[in-house]
Amino acid sequence: KQEVTQIPAALSVPEGENLVLNCSFTDSAIYNLQWFRQDPGKGLTSLLLIQSSQREQTSGRLNASLDKSSGRSTLYIAASQPGDSATYLCAVRLGADAGGTSYGKLTFGQGTILTVHP
Amino acid sequence: KAGVTQTPRYLIKTRGQQVTLSCSPISGHRSVSWYQQTPGQGLQFLFEYFSETQRNKGNFPGRFSGRQFSNSRSEMNVSTLELGDSALYLCASSRLGRADTQYFGPGTRLTVL
């Protein structure tokens, strides 16, 4: 059974800092990994999608890396801003050898609550 | 392009009642998934539909059911509501499924009294 762990559970930083959020998963046979942010009481906003054949993806101040063999992904946020304050979630989707029955299923971590203070 | 929409946004029900939630995916998206989010369990997969067929189902009791229509809109139904069903129910759509980004709606906040 795939399990996803995110460290740290919470993080508070001053504005302007570069920071790293960590995600690990137990089954390395993933198809892809997706990072999301969630603002309180809201839905999820997709940040980056990394396919299993890719090593990293970048979008603006965000960079996500994937090391499938070691079961790890990191989300790097450069020059953090108060507007980045949210819960960040990583989610993995199982690969082709998952019996073909897990097409759309995402398995989520518990999230990292990020607070960026001015 | 309009995002994923969910109705209603908030719902209050009492134990024993049933409820139906609706999700309209992004235009052109054929895969719709449903998730339950609670403070204790986090986000848990309920089921996924593609072209009106349930393609995958999570570990939830049979009180939870869903369907997808020919226009890709989806509904989920919960019968005989329990207090523990109080949660944020999120719908996600993607173009085809596995390889694609999943886009989430704002969710329906269900409170069971």
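Each protein sequence line maps, in turn, to chains A and B. 8 is the number of the first residue of the first sequence in the numbering used here; add one for each residue after it. 17 is the number of the first residue of the second sequence in the numbering used here; add one for each residue after it. Quick reminder that beta carbons are idealized off the backbone N, C-alpha and C, glycines included.
- Rounded to the nearest angstrom, the gap between the Cα atoms of T124 of chain B and I42 of chain B is 17 Å.
- In the DSSP assignment, L51 of chain A falls within the unbroken beta strand (DSSP E) covering L51 to Q58.
- Distance from the CA atom of S35 of chain A to the CA atom of T30 of chain B, rounded to whole angstroms, is 43 Å.
- As the crow flies, the alpha-carbon of T33 of chain A is around 11 Å from that of G116 of chain A.
- Given a length threshold of 3 residues, each whole run of the beta strand (DSSP E) inside the stretch 23-83 of chain A is given here in chain order: 26-32, 37-45, 51-58, 63-66 and 69-74.
- Around Q33 of chain B, the same chain offers L97 as residues with beta carbons nearer than 6 Å, after the five sequence neighbours per side are excluded.
- Look at P21 of chain A here: in three-state DSSP terms it is strand.
- Bridge pairing for G82 of chain B: B:M92 [DSSP].
- Interface annotation, E98 of chain B: not in contact with chain A, CB-CB separation never under 8 Å.
- When the Cα atoms are used, R46 of chain B and E63 of chain A turn out to be separated by approximately 27 Å.
- Taking each of B:V128, B:L126, B:L129 and B:L106 in turn and checking the Cα distance to Q118 of chain B, the smallest one comes out for B:L106.
- Across the stretch 26-45 of chain A, CB contacts with chain B closer than 9 Å involve Y38, N39, Q41, F43 and Q45, in sequence order along the chain.
- Our two residues, A85 of chain A and F43 of chain A, have alpha carbons roughly 16 Å apart in a direct line.
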